[in-house]
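The sequence shown begins at 9 in the numbering used here and counts up one residue at a time. Where a beta carbon is used, it is the ideal one built from N, C-alpha and C, also for glycine. Let me begin by presenting the structure, written as structure tokens, before commenting on it.
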Amino acid sequence: MVISHFIALILFAFFVSVVFGVLTKETRRDCVIYSAKTFAAFVGIALVMGWVMFAFAR
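Below, the structure written as structure tokens:
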């Protein structure tokens, strides 16, 4: 089974975000909100950094 880098990024960001949320927040609502924000930050920063590196690679 071969997965793309983007799918690997999504899976990594999801699992790490869930672990961060469970370890740092006490209520389920806070856990879900924090996990969603962390997931969005992981994916957003990775995409921005990919565009920056692509621009300098040309």
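Between the CA atoms of residue j and residue i - distance to the nearest angstrom
i, j, result
"A21", "S12", "14 angstroms"
"V56", "I41", "22 angstroms"
"R37", "R66", "44 angstroms"
"F64", "F23", "30 angstroms"
"G58", "T35", "34 angstroms"
Burial state of residue i, where buried means 16 or more other Cβ atoms lie within 10 Å
i, result
"F47", "buried"
"G29", "buried"
Proximity of residue i and residue j at Cβ, strictly below 8 angstroms
i, j, result
"S25", "F62", "no"
"K45", "C39", "no"
"L17", "A54", "yes"
Check: residue i C-beta below 7 angstroms from any heavy atom of the ligand MN
i, result
"I18", "Only the bare structure without any ligand can be found here, which leaves the ligand MN out of the picture."
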